[in-house]
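In this text, residue positions in the sequence shown follow my numbering: the first is 69, and each later residue adds one. Even glycine gets a Cβ: it sits at the ideal position worked out from N, Cα and C. On a predicted model such as this, the values are computed, not experimentally measured, just so you know. Note sheet for the following structure.
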Amino acid sequence: MKGFLDYSEGNSFLHQLNPLTKLILALVICISSFLSNSIVFLICLIVINLLLGAVGEIFHRATAMLKGLIKISVIFFILQILIIRSGMVLVKLPFGIPVTDDGIIFALLVVLRLIAATMPLALMLSVTQMNDLSNVLVTKLHIPYKYAFTLTTSMRFIPIFANEMSGIMEAQTARGVEFDTNNILKRMKLILPLCVPLLITSVKKIDGSAISAEIRGFDLRTKNSGYKQYPLKAKDVAVLILSCALFCMAVFCNIILLY
69 MKGFLDYSEG NSFLHQLNPL TKLILALVIC ISSFLSNSIV FLICLIVINL LLGAVGEIFH
129 RATAMLKGLI KISVIFFILQ ILIIRSGMVL VKLPFGIPVT DDGIIFALLV VLRLIAATMP
189 LALMLSVTQM NDLSNVLVTK LHIPYKYAFT LTTSMRFIPI FANEMSGIME AQTARGVEFD
249 TNNILKRMKL ILPLCVPLLI TSVKKIDGSA ISAEIRGFDL RTKNSGYKQY PLKAKDVAVL
309 ILSCALFCMA VFCNIILLY
């Protein structure tokens, strides 16, 4: 079962971009989502994320990610409505809890920012091989190889741990444990004991990976050890220009809202 951070093979426009360009594009979208206070602009960013998924031939993964984020966002939306008390009261809930217009607007901004800022980096990682990402971090951004290797390895282990957890849950389901209950507290009570076998298997995998890295001369590697070059092409320059335009648009929308 493929996770949302697993590399999706392909030859799309996004696959052919420089890894550094994809990283900058994702960061610009994330920064723009937190910078802008315009609901319309944030919705446009979410649409852009879906378009990126379509261009990268991972539209199904983008929509699945959007559905999952919407489910999580409902909780944040309700919490923000209940916490924010400023503004005009629209309706009063039981126990005298007011729902205000400021609360709804702020809750909507929080939810849209969460969705718009979470999707781009996951989508870019889905069309970028971790080896290319670590190499470009070392060669272009001059990050020490040990730190770049740690970052990319931690991201590699996320889908691996998810698959391990899924296998453990399937084994427990075969033994009669009912994980499909609608009671969240009961479900958490059933899942928490599974963290122990997951931790044991994770430690074994990490230890094995460390030994493999040492055998391959991990301590001897420097920024000049990589053989692959990552030149900027015309399509990379075009994407970087569009990223700058997107950032300027986020600032411009804020200026319009101020006036």
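For the candidate residues the options, whose alpha-carbon lies nearest to that of residue i?
i	options	result
Phe-247	Val-159, Cys-316, Leu-258	Leu-258
Ala-318	Val-123, Thr-218, Val-108	Val-108
Arg-129	Ala-190, Asn-199, Pro-299	Ala-190
Leu-205	Val-123, Gly-78, Ser-80, Pro-87	Pro-87
Cys-263	Asp-275, Arg-243, Gly-235	Gly-235
Leu-308	Ser-80, Leu-91, His-83, Asn-79	Leu-91
Phe-81	Leu-119, Lys-135, Ile-279	Leu-119
Ala-94	Asp-74, Asn-79, Gly-121, Asn-105	Gly-121
Cys-321	Thr-269, Ile-111, Gly-244	Ile-111
Asp-74	Thr-241, Leu-260, Ile-226, Lys-296	Ile-226
Thr-89	Ile-324, Ile-323, Tyr-298	Tyr-298
Ile-143	Val-178, Pro-166, Ser-270, Ala-278	Val-178
Thr-186	Ser-141, Leu-161, Ile-165	Ser-141
Leu-137	Met-192, Ser-106, Leu-180	Leu-180
State the CB to CB distance for the pair residue i and residue j, rounded to an integer number of angstroms; the pair is presumed to be in contact (CB under 8 Å).
i	j	result
Ser-194	Ser-76	5 Å
Ser-280	Val-96	About 36 Å; that fails the 8 Å criterion.
Leu-126	Phe-315	Position check: residue 126 holds Ile in this sequence, whereas Leu was assumed. That pair is no contact at about 24 Å.
Gly-171	Gln-148	6 Å
Out of curiosity, what's the CA-to-CA distance linking residue i and residue j?
i	j	result
Ile-283	Leu-209	27 Å
Lys-272	Asn-231	15 Å
Thr-196	Met-133	17 Å
Ser-222	Val-157	46 Å
Ile-146	Ala-175	8 Å
Ala-184	Ile-173	16 Å
Pro-188	Leu-182	11 Å
Lys-303	Ala-313	15 Å
Gly-124	His-83	7 Å
Ser-104	Thr-218	32 Å
Val-115	Ile-151	29 Å
Lys-254	Leu-260	10 Å
Ser-154	Thr-168	7 Å
Gly-78	Pro-212	29 Å
Ala-216	Ser-101	26 Å
Leu-267	Thr-241	19 Å
Met-192	Leu-161	42 Å
Val-305	Thr-131	28 Å
Lys-301	Lys-214	28 Å
Glu-238	Val-245	9 Å
For residue i, which beta-bridge partners are listed by DSSP?
i	result
Thr-168	Val-157
Worksheet item: Taking only runs of the alpha helix (DSSP H) that begin and end inside the region 254–304, which ones reach a length of at least 4 residues, in chain order?
Response: Within the region 254–304, the complete alpha helix (DSSP H) runs of at least 4 residues fall at 263–283.
Worksheet entry | Ranges of the alpha helix (DSSP H) found wholly within the region 170–247, counting only runs of at least 4 | Qualifying alpha helix (DSSP H) stretches, in chain order: 198–207, 213–242.
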